[in-house]
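Student: My structure is below; once you've seen it, I'll send some questions.
Protein chains in written order, with our numbering: chain A, 1 to 359; chain B, 360 to 718.
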């Protein structure tokens, strides 16, 4: 009934030559994420979830803009120095991204793969840089717990009880500045280059519970991960870290089971982490963990990037997972299709004195 | 108050080398579009706007799938022979594209620039092919009058009176298959290659009437067109055709005025057409003309492509125009931002005996 996971015919892995470098990253989160275990690693923790705006939608837009400005500042640039802004979010018509782009003088391309949008933007940004089409590209995504809940499920004021499989949409935004060119001046500075990417096909295992997006996304995550490993001839152990986006507790467990049962591949908890499980503590009552377009990129831009030396990261796979959940389609009796995109990053400068070896 | 139109700082024009060729195109439309002046040029005119489905949303999905299948059939391929599907539509979470992609074994990237989504997909598809990342890419977009009206304004069953500036969302879908490589076997076959692209920044002139999207889009259209002409050192007369997406009567007039007043550039009606004004006849009571993600691509894939020899088209600019209109944002007092993307195509084989000169 369901298509075989990881069939190699379903699109190949795209190899890049590492011309595209992550020049800088920024993470902005709300107060709840600031109180979580990764709180100290974020560039900006806002005092409240409104940021002085008249609506949560406007607050989310402000967060996205702040993350873009911080990422550019870190590289001594302004947003207008980029040739392209690739952005997306969870709100209908991508209003966070569209209205944020209005404040910038940068060509804007809207992208949508739900919570896998960040990895989609990283792939397309790398393609634009690697192919010589752009020198600098900004990739940016955001999500906000209160804007997402009222659009996808119930307004937060309604205070509906959340089942244990529900995930908590991260309030936050992240921006990555991608640049063309060689190593930065300081050889001991952490650097990362995009070396390969496997984009996901849409997989649907007939999950229709709009609270249980982890289960909806697990087959897509397994499919793309198997394809990436098989296409590149690698094992999970070849990666210092496989960071999934927001599978949460249940989705992570299902993904492990699907990969083991269908291909006999065992994922270790030592190098396979889920951003949705890292960002909140168990005391924060977020049920199965975090989710949202911001979950994976703020975790990466905050904790992972800043701890790259301590974690001795040389090779990292970012596996973004998105539930293409539509309230209208679900009301019409449809199930929730999902997609997962993978981008492989190679780090340099994580060991003291090491020279960047990727050219 | 408003930013200057066409400022060159706002992102450059990206030059391509013509490695990306449009290998085949397909257009599928509903009965009303079939009765319009371009009816005979479409590949498929459906009998009704439900296509035997239980909802208009499912019918739109079916149209998108049919257009993808027809485009691939014309090139003696199946959709699974492509390495990437770039698709988008007007519905929240891009459900037409997401659910259509579920039926295909092709990696899927969701894109959204409202009615400029088609040109966004053509640009990114060309970049993937030109950069050597993919051999074959499918670009596909769709819209449906009844699904769009009930999401953005009022259900069609409500039979609200439409003001004269309103536009009629085209029911249809179009798919383009982009391929890497040299000229096709037959030198007298019409061929087109992507040679340059100018992506749009988001422009907002404070239009907030959700029926008057032509006025909202006109400044964005003017901005991108001026930038493309200025960056490439061309005049409007250098193009055999400038095809705008769906400005309609009012938006087309405003765009002409904005370009003339701000830059003294005069657009001629002889080579500057709007797909929204071509697709319906004045008897069809569509007020200011057609609109929607399908409007420009079905007009191009149907009429323009099939008449390329008769029209002697050598150089064509596709200027997609999108109103990033959100009902929620407008209810919160926001205006409607817009974006316009331009892709320049060079044709070969339009004159009998001519050899393709683009290599």
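Cβ coordinates follow ideal geometry from the N, Cα and C atoms, glycine included. Given the structure is predicted, the values throughout are model-derived calculations rather than measurements.
Using a C-beta to C-beta distance shorter than 9 Å, which residues of chain A count as neighbours of residue 621/B?
Tutor: Going along chain A, no residue has its Cβ under 9 Å from residue 621/B, so there is no contact; the nearest lies around 16 Å.
Student: Can you look up residue 705/B in the DSSP assignment and give me helix, strand or coil?
Tutor: Correct three-state label for residue 705/B: strand.
Student: With three or more beta-carbon pairs closer than 8 Å as the criterion, would you say the stretch 199-209 of chain A touches the stretch 331-346 of chain A?
Tutor: Output reads yes: the stretch 331-346 of chain A touches the stretch 199-209 of chain A.
Student: Listed from N- to C-terminal order along the chain, which residues in the stretch 544-578 of chain B have their beta-carbon within a distance smaller than 7 Å of any beta-carbon of chain A?
Tutor: Per Cβ criterion, the list reads 558, 559, 560, 561, 563.
Student: In chain A, what lies closer than 9 Å to residue 504/B by C-beta?
Tutor: Those within 9 Å of residue 504/B in chain A number zero; the least Cβ separation is about 16 Å.
Student: Just the chain B side, please: which residues come within less than 7 Å of residue 369/A by C-beta, in chain order?
Tutor: As shown, chain A starts at 1 and ends at 359. That puts residue 369/A outside it, with no answer to give.
Student: Cβ of residue 358/A less than 8 Å from any chain B Cβ?
Tutor: Caution applies to residue 358/A, whose pLDDT of 38 falls short of 50 and renders its modelled position unreliable; the value that the coordinates give is listed next. Taking Cβ atoms only, chain B never reaches closer than 8 Å to residue 358/A, which makes this a no.
Student: For the beta strand (DSSP E) containing residue 550/B, name the first residue and the last one.
Tutor: Residues 550-557.
Student: Give the interface partners of residue 411/B over in chain A, defined as CB-CB distance under 9 Å, in chain order.
Tutor: Here the premise fails: no neighbours, minimum Cβ distance about 16 Å.
Student: Could you spell out where the beta strand (DSSP E) holding residue 535/B opens and where it closes?
Tutor: It spans 531-539 - the beta strand (DSSP E) in which residue 535/B sits, taken as one unbroken run.
Student: Quick one, which residues of the stretch 103-129 of chain A are near chain B if we go by CB-CB under 9 Å, in chain order?
Tutor: Here the close residues are 103, 104, 105, 106, 107, 108, 109, 110, 111, 112, 113, 114, 117, 120, 123, 124, 127, 128.
Student: When Cβ atoms are compared, which residues of the stretch 44-70 of chain A fall closer than 7 Å to chain B?
Tutor: Of all residues in the stretch 44-70 of chain A, 55, 57 have a Cβ within less than 7 Å of some Cβ in chain B.
Student: With DSSP as the reference, label residue 652/B as helix, strand or coil.
Tutor: It is coil, neither helix nor strand.
Student: Excluding sequence positions up to five away, which residues of its chain have a Cβ less than 6 Å from the Cβ of residue 661/B?
Tutor: Closer than 6 Å at the Cβ level, and outside the excluded window around residue 661/B, lie 386, 397, 400, 401.
Student: Would you mind telling me which residues of chain A sit closer than 7 Å to residue 373/B, beta carbon to beta carbon, in chain order?
Tutor: 133, listed in chain order.
Student: With H, G and I counted as helix, E and B as strand and the rest as coil, what does DSSP make of residue 383/B?
Tutor: Residue 383/B: strand per DSSP, three-state reduction.
Student: Taking the alpha-carbon positions, what's the residue 717/B to residue 632/B distance?
Tutor: Its pLDDT being 38, under 50, residue 717/B is placed unreliably by the model, and the measurement read from it follows with that caveat. Roughly 25 Å between the two C-alpha positions.
Student: Using a threshold of 8 Å, state whether the C-beta atoms of residue 603/B and residue 583/B are closer than that.
Tutor: Contact flag unset, no.
Student: Just the Cα atoms here: how many angstroms apart are residue 713/B and residue 13/A?
Tutor: Only weak support exists for where residue 713/B lies, its pLDDT of 46 falling under 50; the coordinates are left without a value.
Student: Buried or exposed for residue 629/B, please, with buried defined as at least 16 other CB atoms from any protein chain shown within 10 angstroms of its CB.
Tutor: By the neighbour-count rule (16 or more Cβ atoms within 10 Å), residue 629/B is not buried but exposed.
Student: If we ignore side chains and look at the alpha-carbon of each, how far apart do residue 413/B and residue 419/B end up?
Tutor: So the alpha carbons of these two residues sit roughly 11 Å apart.
Student: Let's test the definition: count the other Cβ atoms within 10 Å of the Cβ of residue 381/B and tell me whether it reaches 16, buried, or not, exposed.
Tutor: Per the 10 Å Cβ criterion, buried.
Student: When the Cα atoms are used, what is the spatial distance from residue 422/B to residue 673/B?
Tutor: The alpha-carbon atoms of residue 422/B and residue 673/B are separated by roughly 30 Å.
Student: Which same chain residues end up closer than 6 Å to residue 554/B when comparing Cβ atoms and leaving out the 5 residues on each side of it in sequence?
Tutor: Within the same chain, residue 554/B has close Cβ partners 375, 377, 703, 705.
Student: Evaluate residue 48/A with the Cβ neighbour count: other Cβ atoms within 10 Å of its Cβ, from every protein chain shown; 16 or more gives buried, anything less gives exposed.
Tutor: Counting Cβ neighbours within 10 Å, residue 48/A comes out exposed, since fewer than 16 surround it.
Student: Use the C-beta contact count for residue 438/B: other C-beta atoms within 10 angstroms, 16 or more gives buried, fewer gives exposed.
Tutor: Its Cβ being crowded by 16 or more others within 10 Å, residue 438/B is buried.
Student: So is residue 587/B in contact with chain A if we call contact Cβ pairs under 8 Å?
Tutor: Chain A contact via Cβ: absent.
Student: Tell me which residues share the same chain as residue 164/A and place their Cβ nearer than 7 Å to its Cβ, disregarding the 5 neighbours each side in the sequence.
Tutor: Closer than 7 Å at Cβ, skipping near neighbours: 287, 288.
Student: Kindly identify the DSSP beta-bridge partner or partners of residue 501/B.
Tutor: In DSSP, residue 501/B forms a bridge with 448/B, 532/B.
Student: Considering only the beta carbon of each residue, do residue 479/B and residue 454/B sit closer than 8 Å?
Tutor: Not closer than 8 Å, so no.
Student: DSSP three-state call for residue 413/B: helix, strand or coil?
Tutor: In this structure, residue 413/B counts as coil in the three-state DSSP scheme.
Student: Closer than 6 Å by C-beta to residue 74/A: which residues in its own chain qualify, once you throw out the five before and the five after it? Chain order, please.
Tutor: Counting only Cβ-Cβ distances below 6 Å, and skipping sequence neighbours, we find 24.
Student: Buried or exposed for residue 605/B, going by 16 or more other Cβ atoms inside 10 Å?
Tutor: Buried: at least 16 other Cβ atoms inside 10 Å.
Student: Residues in its own chain within less than 8 Å of residue 212/A by CB, not counting five upstream and five downstream?
Tutor: Around residue 212/A: 163, 165, 166, 250.
Student: I want to verify the contact list: residues of chain B whose CB lies under 9 Å from the CB of residue 346/A, in sequence order.
Tutor: In chain order: nothing, as chain B lies at least about 18 Å away.
Student: Return helix, strand or coil for residue 585/B, following the three-state DSSP convention.
Tutor: Correct three-state label for residue 585/B: helix.
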